[in-house]
Amino acid sequence: MRINKTLWIGILALFITSELLAQDKKFADQWEYVGIAIDEPGYTVWGSSPVMDEEGKVHLFVARWKGNTVEPGWRSGSEIAHYVGEGPEGPFTFSEVAIAGTGLDTWDRFGAHNPAIHYINGRYVLLYIANDNPNRPAHPSNQKIGMATSESPYGPWKKVNKDGLILDVPKDPQYWNYQASNGVNNPALLKHPNGGYYLYFKSEKAKMGLAVSQSLEGPYVQLPFPVTANDSNIEDGYAFRYKGKFALLTTDNHGMIEEGGGLLWLSDDGITFKEYEKGFHRINAYMPIDMSKVAVHYGPKNLPYAKFERPQLLIIDDKPQYLYVPSGTNVFGGDYTVSYILKYKE
67 MRINKTLWIG ILALFITSEL LAQDKKFADQ WEYVGIAIDE PGYTVWGSSP
117 VMDEEGKVHL FVARWKGNTV EPGWRSGSEI AHYVGEGPEG PFTFSEVAIA
167 GTGLDTWDRF GAHNPAIHYI NGRYVLLYIA NDNPNRPAHP SNQKIGMATS
217 ESPYGPWKKV NKDGLILDVP KDPQYWNYQA SNGVNNPALL KHPNGGYYLY
267 FKSEKAKMGL AVSQSLEGPY VQLPFPVTAN DSNIEDGYAF RYKGKFALLT
317 TDNHGMIEEG GGLLWLSDDG ITFKEYEKGF HRINAYMPID MSKVAVHYGP
367 KNLPYAKFER PQLLIIDDKP QYLYVPSGTN VFGGDYTVSY ILKYKE
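First residue of the sequence shown: 67, per this note's numbering; consecutive thereafter.
The following block contains the structure:
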């Protein structure tokens with residue numbers, strides 16, 4: 067049988083070109099819009115953190131508060147509500163409130179916010195932030211991070227260490243975030259592949275820090291320096307493993323790559339994050355939007371684009387499969403904010 071050399075060269079060239087194009091696709095390009103995750107009339111909806119149970123149902127833990135304005139509700143009236151869907155794309159229905167401000171003389175009297183849910187060692191682990199006074203100037207320097215656990219996504223939730231508190235600003239003036247003007251917030255938990263736990267958080271000058279512990283419930287020991295190399299604001303980190311590296315998915319508030327987009331930070335050790343690429347685009351890149359018809363509930367009203375906030379990933383088979391993101395802009399013109407679902411295209 068004679069082999070057509072020209073044909074084989076053409077096939078090989080096509081294969082190599084396809085491989086190079088696949089390698090050239092960035093993380094941000096792999097997302098596609100699926101639909102709305104949570105739309106709750108009467109409530110402003112914000113961060114929506116997912117976890118899948120053993121039956122394949124997806125549970126979203128969602129920051130929400132009554133009314134259609136972000137300020138001051140997120141720091142005074144926010145609660146963490148539990149929604150359930152048959153799969154990653156929903157539809158999701160309200161189940162119950164998982165965590166709310168105590169209303170008592172405690173560190174978490176107000177504003178349960180920034181939910182981050184995980185399933186670790188047979189337990190559901192819910193991280194959140196809260197404060198004891200939502201009024202300025204006490205807020206935001208009094209933001210702290212808490213943790214509650216449960217054997218079921220439906221609760222009951224037990225706060226660790228009696229009051230739930232696992233991280234506060236350091237008392238050592240040598241630390242980078244000593245007396246931080248924004249406290250500690252945006253918790254992102256990762257079980258280390260070699261054992262122990264890494265707790266990432268946002269603090270002074272909108273950089274990400276790290277606290278480590280051998281035990282899930284702490285004590286968590288902070289590192290005295292920030293772990294991300296950013297001079298402009300980032301926030302809302304989500305920690306995960308990606309292609310053998312430690313990864314943080316954050317917002318890109320002021321345009322390290324694209325203002326209003328997201329960043330994917332990568333690190334070999336999980337301690338020094340200098341390498342980054344675009345993590346997600348603005349909303350406009352994933353769906354056609356008529357900016358003259360949107361409803362802006364938070365942020366500037368004259369921007370030519372809409373941006374995502376508080377990215378939270380659903381990891382399936384050790385790979386990011388879905389991204390749940392709220393926005394201060396309801397791109398459909400609704401009276402309240404909603405959270406959106408993006409799917410990873412592989």
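Built from N, CA and C at the ideal position, the CB exists for glycine as well.
In the three-state DSSP reduction, Gly113 falls in the strand class (E or B). Between the alpha carbons of Pro239 and Ser207 lies a distance of about 15 Å. Rounded to the nearest whole angstrom, the C-alpha separation of Leu282 and Asn197 is 22 Å.
In the structure shown, the three-state DSSP call for Gly399 is coil. At the C-beta level, His148 and Phe127 come within 7 Å of one another. Under the 10 Å beta carbon count, Lys92 is surrounded by fewer than 16 other beta carbons and is classified as exposed. Asp401 has its alpha-carbon roughly 11 Å from the corresponding atom of Val111.
Nearest C-alpha to Ser269 among Glu324, Gln387 and Val250: Val250.
Counting C-beta atoms within 10 angstroms of its own C-beta, Glu162 has fewer than 16 neighbours from the protein chains shown and is therefore classed as exposed. DSSP, read as helix, strand or coil, puts Ser405 in strand.
For Arg348, there is no enclosing beta strand (DSSP E), as DSSP marks it with neither H nor E. Asp174 is positioned such that its CB atom lies no closer than 7 Å to that of Gly139.
Scanning its chain for C-beta atoms nearer than 7 Å, with the 5 sequence neighbours on each side dropped, one finds around Ala178 the residues Ser144, Glu145, Ile146, Ile165, Ala166, Gly167, Tyr194 and Ala196, in chain order. Between Ala254 and Gly310, the C-beta gap is not smaller than 7 Å, which leaves the two residues out of contact.
In this structure, Leu256 places its C-beta atom within 7 Å of the C-beta atom of Ala305.
Arg175: not part of any beta strand (DSSP E); DSSP gives it neither H nor E. Residue range Gly139 to Ser142 is occupied by the alpha helix (DSSP H) that includes Arg141, with no beta strand (DSSP E) assigned at that position. The segment 351-363 and the segment 274-288 do not touch, with fewer than three beta-carbon pairs separated by less than 8 Å.
A Cβ-Cβ distance of about 19 Å is found for the pair Val293 and Ile323, leaving them out of contact under the 8 Å criterion. For the 7 Å CB-CB criterion, Tyr266 and Ser279 do not form a contact.
Assignment of beta-bridge partners to Arg376 by DSSP yields no partner.
Nearest in C-alpha terms to Lys271, of all of His258, Tyr308 and Ala295, is Ala295.
With a cutoff of 7 Å on beta-carbon distance, Val397 and Phe374 are scored as not near each other. When the five nearest sequence neighbours on each side are left out, the beta carbons in the same chain lying within less than 8 Å of the beta carbon of Trp242 are those of Ser269, Glu270, Lys273, Gly275, Pro290, Phe291 and Pro292, in order along the chain.
When the five nearest sequence neighbours on each side are left out, the beta carbons in the same chain lying within less than 6 Å of the beta carbon of Gly284 are those of Ile232, in order along the chain. Annotated three-state conformation of Asp95 is helix, per DSSP. Membership of Asn296 in any beta strand (DSSP E) is not indicated, and neither H nor E is assigned to it by DSSP. For Arg130, the enclosing beta strand (DSSP E) has its first and last residue at Val124 to Lys132.
DSSP places Glu343 within a strand segment (E or B) once states are collapsed to three. Arg376 counts as buried, since at least 16 other C-beta atoms from the protein chains shown sit within 10 angstroms of its C-beta. Annotated three-state conformation of Glu145 is strand, per DSSP.
At the C-beta level, Phe339 and Ala94 stay beyond 7 Å of one another.
For Arg202, no beta strand (DSSP E) encloses it, and the DSSP letter there is neither H nor E. The DSSP-derived three-state label of Lys268 is strand.
Annotated as distal: Lys344 and Gly326, with beta-carbon spacing of 7 Å or more.
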